[in-house]
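For reference, the structure is listed below as structure tokens.
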Amino acid sequence: MRRLKTYLRSTMLTERLNSVMTLHVHKYLLDCIDDSAVVKDFVACNEVRKDIFGKGLNLPAPLDIQ
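Numbers given in the numbering used here equal positions in the sequence shown, counted from 1, plus 1.
Here it is, written out as structure tokens:
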């Protein structure tokens, strides 16, 4: 853990390091999260992401507003 922390401290901003350490500490909570739902939500938030990553995710079709 010490090596990881040293490496991350030199390559990451403090905010990201804190987030990674929080995820590590609460790893038991991450086991309960549905990864595919998180990915779908992430991709659905942005049109560029939908074009790049959305092909195999069965995302809802965009609304045609005229």
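Every residue gets a Cβ at the ideal spot worked out from N, C-alpha and C, and that includes glycine.
Between which two residues does the alpha helix (DSSP H) containing Lys-51 stretch? Run containing Lys-51: 48–54, per the alpha helix (DSSP H) assignment.
Just the Cα atoms here: how many angstroms apart are Ala-38 and Val-26? Taking the straight line joining both Cα atoms gives about 22 Å.
Which class does His-27 belong to by DSSP, given the choice of helix, strand or coil? Coil at His-27, not helix or strand.
Determine the DSSP secondary structure at Leu-14, reduced to helix, strand or coil. DSSP places Leu-14 in the coil class of the three-state scheme, outside both helix and strand.
Output the distance between the C-alpha atoms of Phe-54 and Tyr-29, rounded to the nearest integer angstrom. One C-alpha to the other measures close to 28 Å.
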